[in-house]
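Colleague: First the structure, then my questions, so here it is.
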Amino acid sequence: VLAGLGAAVVAAPVAGAASPTRRPVRYPDVDLSYFDKPITPAPFPIAFGCAAITWKEGPRKAIDEIASAGYRGVQVMANAMKDWPDPAALKAELAKRHLVLACFSGGSPGGVDDVEKEVAAFVTKAEYARAAGALRFQITSPGRNGGVDAAKLKGLAKILDEVGRRTSGLEMPVVFHNHMDQWGESPAEVDAILAATDPKLVRFLLDVGHYRAAGGDPAAAVRKHAKRLAMLHLKDVAAPSADGKRGKFVPLGAGSVDFPAVFAALKDVKYRGWVVVELDSAPDGVTALAAATANKAFVEKTVGVPV
Amino acid sequence: MLSVFTDEISDDFDKACAIAADEFGLEWVQPRKLWGKNVMALDGREVAEARKILTKRGLRVSQIGSPLFKTDLAGAPVSPLSPKRDKFSLDYTAEQQPEVLERGIELCRVFATQRLRCFDFWRLPEPEPHRQAIYAKLREAANACAKHGLILSMEVEHECNTPTAVEAVRTVKGVAAPNFQLNWDPGNAFFAGETPFPDGWKLLDAKRISNVDCKDATVGDDGKPKWECIGRGKIDFVGQFRALKQAGYRGPITLETHWRGAGTAEESTRQSMAGLKAALKTAGLI
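Residue numbers (the numbering used here), protein chains in the order written: chain A, 1 to 307; chain B, 1 to 286.
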């Protein structure tokens, strides 16, 4: 029954056919040079979102204005759980605005002494985040007051791994976010935390502004951690002053981050996924919407495609 | 027409074809990934080499395993499933789809097959508002295929917007093009939570089936579906094949192993092919 119904294959005697019982096949004698021209490369494999943190009025206004600015995605903080106790309600509000919840900020642990308590709190937030449609769940680290040592970083890694393990069924990777004034600040601390965590359970959210402020080269970090990279934050920071004082965070393009180099590195490592513009606050006298719009224009100019 | 995805045996196309022809005794194969490259990315020299190997092994192409429309739908939110897109070295965006279609049609011509596989975009969290746009894209592609006498064969795929027979019926009706047919995939429907046979199958019009992909599945200890060797899973392939015979189906039945429980792709496919043939024999198809 399964024989027959062949396509337009030409049946003809062919020398060298594998089996004498097999029907010989010959393919149409045509010019194959068409295939020497590959399919035109895709313009840019990255989707851009904007973080709600810039809006001090709260997440409701943030998602309205992020959508009106033309971003495709958003990152919200855990304060969204107060505005929308039901994650389905947040999901519905985002869907109305055609926004993807690219990432959910889970916050940082208070410390590493009570692992179970910290993990349980993150898991609750992660379950909310996934139910709201989040694609990534972000965890930062505790503040540097009291110093940082290898034992603390290992403790943090244990929490990150355990959250990753308990949320692995959610298909929403846990991402560790480097941050100034926290344990995961310097490139060396980032390396240590990533090395101490299970790559299958914990991925990396590279904040290029924080990484630069800590003395790192964000483009080099993209290449170094390409296999762990699951999200980026775009943020800019002024260069340190002559006396070594740390520079302020500034709008994209106004600081010392080499964004063309960052995007070149992303292209080289074939990064596909989300990149979120994140300004912790808008510059004085500028609204969050105006800042988000200006940053979007900067990104579009830098990468040469509409965000 | 018993067929197999060659990359389910080996990325070495000659080796895969040798096993398909000489060990499995097949006359048909479906190319999807050759030498680690998606079939869409082959250059002229590689297409010539593939045709030479097929000729040498006496094999014909049942369908081009194209990734057409296995991408995000332009104008819709990005699907949460889209980051997983690079499973079969497919790497094409929404903007590239017109070229993917054109190249797929050309591949059908040079590999002398009537069937071009496609999908219907990564599954959206809420597909309903985008259904008409999806149907329009599929209709446009089917019309382009019709000009070359080709069938556009859309896979029922749990990661895309038609994951089950229930939704496949709607899609066929919505696209409304005579050469738009279904690549029925009971394994994918199982992954989407449907009982593909008999529940899903009884909804389908056998005359609109262009290919049947075969991979078995079961439910793991964690309660999630997982791939299984054909004959050892939950899918009633014997019943499915009897129904296909009864319906007079004469198109390709294609092994798409996915299960890797035997350690290697080659051995897993070997065992699955044995299971597939046993089910076909019991059903009276071979």
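Ideal Cβ positions, reconstructed from N, Cα and C, are used throughout, including at glycine.
Values in this document were obtained by computation on a predicted structure and should not be read as measured data.
Anything in chain B within Cβ reach of Thr40/A, meaning under 9 Å, just list it in chain order.
Modeller: Simply Glu95, Gln96, Glu99.
Colleague: List, in chain order, every chain A residue whose beta-carbon is nearer than 8 Å to that of Phe111/B.
Modeller: Per Cβ cutoff of 8 Å: Tyr27.
Colleague: What does the Cβ neighbour count give for Asp86/B, buried or exposed, with the cut at 16 atoms within 10 Å?
Modeller: Interpretation of Asp86/B is limited by its pLDDT of 42, a score under 50 that renders its predicted location unreliable; the figure taken from the coordinates is listed afterwards. Exposed, since its Cβ has fewer than 16 Cβ neighbours within 10 Å.
Colleague: Measure how close the beta-carbons of Gln63/B and Arg117/B come, nearest whole angstrom, since I'm counting them as under 8 Å.
Modeller: The pair is a contact, with the Cβ atoms about 6 Å apart (cut-off 8 Å).
Colleague: If we ignore side chains and look at the alpha-carbon of each, how far apart do Gln246/B and Gly239/B end up?
Modeller: Roughly 10 Å separates the two Cα atoms.
Colleague: Between Glu266/B and Lys215/B, which are expected to be in contact by the criterion C-beta below 8 Å, what is the C-beta distance as a whole number of angstroms?
Modeller: So it is not a contact: roughly 16 Å between Cβ atoms.
Colleague: Would Gln132/B be called buried (16 or more neighbouring beta carbons within 10 Å of its own) or exposed?
Modeller: Exposed, by the Cβ-count rule.
Colleague: Quick check on Ala80/A: buried or exposed, where buried means 16 or more other Cβ atoms within 10 Å of its Cβ?
Modeller: Buried.
Colleague: Assign Val148/A to one of three DSSP states: helix, strand, or coil.
Modeller: Of the three classes helix, strand and coil, the one that applies to Val148/A here is coil, per DSSP.
Colleague: Whose Cβ in chain A lies nearer than 9 Å to the Cβ of Leu42/B?
Modeller: Result: Phe35.
Colleague: Determine the direct distance from the alpha carbon of Phe69/B to that of Glu102/B, and round the result to whole angstroms.
Modeller: Answer to the nearest angstrom: the Cα atoms are 13 Å apart.
Colleague: For Leu321/B, which of Gln271/B, Gly187/B, Arg32/B, Ile134/B has the nearest alpha-carbon?
Modeller: Since the displayed chain B opens at 1 and closes at 286, residue 321/B lies outside it and no answer follows.
Colleague: Name the chain A residues whose beta carbon is nearer than 9 Å to that of Glu106/B?
Modeller: The answer, in chain order, is Tyr34, Phe35.
Colleague: Run the CB neighbour count on Gly220/B, radius 10 Å, all protein chains shown included, and call it buried at 16 or more, exposed below.
Modeller: Classification for Gly220/B: exposed.
Colleague: At what residue ranges does the segment 66 to 148 of chain A contain a whole run of the beta strand (DSSP E), taking only runs of 3 or more?
Modeller: Counting only runs of 3 or more, we get 73 to 77, 100 to 105, 137 to 139.
Colleague: Can you name the start and end residues of the alpha helix (DSSP H) that Thr293/A belongs to?
Modeller: From DSSP, the alpha helix (DSSP H) with Thr293/A extends over 288 to 303.
Colleague: Just to confirm the assignment, what range does the beta strand (DSSP E) spanning Lys226/B have?
Modeller: Segment 225 to 228, the beta strand (DSSP E) holding Lys226/B.
Colleague: I'd like to know if Glu27/B contacts chain A, where contact means its C-beta is closer than 8 Å to some C-beta of that chain.
Modeller: So, interface residue.
Colleague: Take Leu26/B and list the residues in its own chain whose beta-carbon comes closer than 8 Å to its own, dropping the five residues that flank it on each side.
Modeller: Answer for Leu26/B: Leu2, Ser3, Val4, Ala20, Leu59, listed in chain order.
Colleague: Have a look at Thr293/A, Phe137/A, His179/A, Lys200/A and flag the residue whose alpha-carbon is nearest the alpha-carbon of Val190/A.
Modeller: Closest by alpha carbon: His179/A.
Colleague: How many angstroms separate the CA atom of Leu42/B from the CA atom of Pro85/A?
Modeller: Cα-Cα distance, rounded: 51 Å.
Colleague: Count the other CB atoms, across all protein chains shown, that sit within 10 Å of the CB of Val305/A; report buried if there are 16 or more and exposed otherwise.
Modeller: That one is exposed.
Colleague: According to DSSP, simplified to helix, strand and coil, what is Lys37/B?
Modeller: Three-state result, Lys37/B: strand.
Colleague: Identify whether Trp259/B lies in helix, strand or coil by the three-state DSSP scheme.
Modeller: Three-state result, Trp259/B: coil.
Colleague: Would Asp120/B and Thr162/B be called neighbours here (beta carbons separated by less than 8 Å)?
Modeller: Result yes, Cβ atoms of Asp120/B and Thr162/B sit closer than 8 Å.
Colleague: Taking all protein chains shown into account, decide if Ala129/A is buried (16 or more other Cβ within 10 angstroms of its Cβ) or exposed.
Modeller: The residue in question, Ala129/A, is buried, as its Cβ has 16 or more Cβ neighbours within 10 Å.
Colleague: Would you kindly work out how many angstroms separate the C-alpha atoms of Leu160/A and Thr197/A, rounded to a whole number?
Modeller: Taking the straight line from one Cα to the other gives about 7 Å.
Colleague: Under 9 Å Cβ-Cβ, which residues of chain B neighbour Trp30/A?
Modeller: Note that residue 30/A corresponds to Val in the displayed sequence, not to Trp. Result: Arg109, Val110.
Colleague: Tell me the DSSP secondary structure of Gln182/A in three-state form.
Modeller: Residue state, collapsed to three classes: strand.
Colleague: Could one say the Cβ of Arg136/A lies closer than 8 Å to chain B's Cβ atoms, at least one of them?
Modeller: False, the Cβ-Cβ gap to chain B never drops below 8 Å.
Colleague: Residues in the same chain with beta-carbon distance under 8 Å from Asn179/B, minus the five sequence neighbours each way, listed in chain order, please.
Modeller: Excluding positions up to five away in sequence, the list reads Ala142, Cys145, Ala146, Leu150, Ile151, Leu152.
Colleague: In angstroms with no decimal places, state the Cα-to-Cα distance between Pro225/B and Trp274/A.
Modeller: Roughly 28 Å separates the two Cα atoms.
Colleague: Got a sec? Which residues, its chain only, sit under 6 Å from Val277/A by beta carbon, not counting five neighbours each side?
Modeller: Excluding sequence neighbours, Val277/A sits near Cys50, Leu234, Asn295.
Colleague: Using 8 Å as the threshold, is the C-beta distance between Ser33/A and Gln75/A below it?
Modeller: No; because the gap between Cβ atoms is not below 8 Å, this pair is not in contact.
Colleague: Need the endpoints of the alpha helix (DSSP H) that Gly104/B sits in, please.
Modeller: Segment 97 to 110, the alpha helix (DSSP H) holding Gly104/B.
Colleague: Might you give, ordered along the chain, the residues of its own chain that have their beta carbon closer than 7 Å to the beta carbon of Thr293/A, omitting 5 neighbours on each side?
Modeller: Result list for Thr293/A: Ala69, in chain order.
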